[in-house]
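Novice:
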Amino acid sequence: MTEMQEEEIDLREYINVLLKRKGIIILIFLIAVITAALVSYFALSPVYQSSIVFSIALMDNRPPTTIVAQVERIAFSV
Numbered sequence: 001m002t003e004m005q006e007e008e009i010d011l012r013e014y015i016n017v018l019l020k021r022k023g024i025i026i027l028i029f030l031i032a033v034i035t036a037a038l039v040s041y042f043a044l045s046p047v048y049q050s051s052i053v054f055s056i057a058l059m060d061n062r063p064p065t066t067i068v069a070q071v072e073r074i075a076f077s078v
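78 is the number that UniProt numbering gives the last residue of the sequence shown; the numbers go up by one with no jumps.
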């Protein structure tokens, strides 16, 4: 019966392969970034969005009697 040899792969081998192929990795990354930039600049139309919230409070003419009421009146008048 033949024995199968298990191949052990070291982390250094992975790092060496990445370092050996770093040029192609950087090239693919740059192509992807440039493509995304060109598509977002030329192909996609800009979307403008805005929102607003109005808060309407009725003010009575009586003078505020407490500090909290005075602060609330000042805050709502701004």
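Virtual Cβ for every residue (Gly too), placed ideally from N, Cα, C.
Short of 7 Å in beta carbon distance, which residues of its chain neighbour L24, apart from the five on each side in sequence? Order them along the chain.
Specialist: The sequence position of residue 24 within the sequence shown is 24, counting from 1. It is Ile, not Leu, that sits at residue 24 in the sequence shown. Excluding sequence neighbours, I24 sits near nothing in its chain.
Novice: Could you check what DSSP says for T66 in three-state terms: helix, strand or coil?
Specialist: Numbered from its first residue, the sequence shown carries residue 66 at position 66. Reduced to three states, the DSSP call for T66 is coil.
Novice: Tell me the DSSP secondary structure of S55 in three-state form.
Specialist: Locating residue 55 in the sequence shown gives position 55, where the first residue counts as 1. Coil.
Novice: So what's S40 in DSSP terms, helix, strand or just coil?
Specialist: Translated into positions along the sequence shown, residue 40 becomes position 40. Three-state result, S40: helix.
Novice: Rounding to the nearest angstrom, what Cα-Cα distance links F54 and F76 in this structure?
Specialist: For this step, residue 54 is matched to residue 54 along the sequence shown. For this step, residue 76 is matched to residue 76 along the sequence shown. Their Cα atoms are separated by approximately 12 Å.
Novice: Might you give, ordered along the chain, the residues of its own chain that have their beta carbon closer than 8 Å to the beta carbon of I9, omitting 5 neighbours on each side?
Specialist: As a working mapping, residue 9 is identified with position 9 in the sequence shown. Nothing listed; no residue qualifies.
Novice: Look at the alpha carbon of K20 and the alpha carbon of A37, and state the distance between them as a whole number of angstroms.
Specialist: Along the sequence shown, one-based indexing puts residue 20 at 20. Along the sequence shown, one-based indexing puts residue 37 at 37. Going by the C-alpha atoms only, they are around 28 Å apart.
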